[in-house]
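Trainee: Residue numbers (the numbering used here): 4 to 121.
Ideal Cβ positions, reconstructed from N, Cα and C, are used throughout, including at glycine.
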Amino acid sequence: MLNIISSSRYKINRKLIKKTLNEVFTGYNLPDNAIINLVFIGKKKMRDIAVKYKQENVALPVLSFAFDSRDKETHSESPYGEIFICYPQAVLLAAERQKKVDDMLTNLIKHGLDNILK
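1. Please report the Cβ distance between Leu2 and Ile20, rounded to the nearest whole angstrom; I am assuming they are in contact, meaning their Cβ atoms lie under 8 Å.
2. What is the DSSP secondary structure of Val65, reduced to helix, strand or coil?
3. Of all the alpha helix (DSSP H) runs that stay within the bounds of the segment 77-106, which reach a length of 4 or more residues?
4. Taking the beta strand (DSSP E) that Leu33 falls in, what are its first and last residues?
5. Given this structure, state the Cα-to-Cα distance separating Met49 from Lys14, to the nearest angstrom.
6. Less than 8 Å between the C-beta atoms of Ile86 and Ile112, yes or no?
7. Give the straight-line distance between the Cα atoms of Ile119 and Tyr90, rounded to the nearest whole angstrom.
8. In the DSSP output, which residue or residues are listed as bridge partners for Asn6?
9. Nearest CA to the CA of Gly115: which residue from Leu63, Ser11, Asp51?
10. Around the Cβ of Gln101, are there at least 16 other Cβ atoms within 10 angstroms (buried) or fewer (exposed)?
11. Give every residue of the same chain whose Cβ lies closer than 7 Å to the Cβ of Val27, excluding the five residues on either side of it in the sequence, and list them in chain order.
12. Secondary structure at Asn16, three-state DSSP: helix, strand or coil?
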């Protein structure tokens with residue numbers, strides 16, 4: 004299960020995100036009831052999180068945090084982790100690499116999930 008938290012000002016293709024998540028879940032043989040929180044935030048909030056947890060004073064495009072509960076045998080109702088995506092940074096990164104924003108968001112989500120699930 005995917006919990007998407009986002010401001011209405013960010014244009015997010017929820018269908019594509021859910022499709023991407025299902026593909027990754029299948030690749031890792033995760034149950035359908037596994038929970039991932041996906042949070043889209045701005046530059047200031049991402050910088051605050053990066054300073055607090057990574058001691059870097061920069062707005063990173065993506066940060067992911069795994070929860071300890073992912074190691075339990077029963078995965079029902081216990082989140083695996085959270086992925087924070089800085090939407091403005093994702094847009095800039097997409098423009099820099101000449102990609103679509105949706106493709107960049109998909110890559111960032113996969114990167115965050117790989118970090119959580121490894």
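Mentor: Quick look at the numbers:
1. Residue 2 lies beyond the residue range present for the chain, which begins at 4 and ends at 121; the question has no answer from this structure.
2. strand
3. 90-99
4. Unbroken run through Leu33: none, as it is neither H nor E.
5. 18 Å
6. yes
7. 20 Å
8. Asn40
9. Leu63
10. exposed
11. Lys113, Leu116
12. coil
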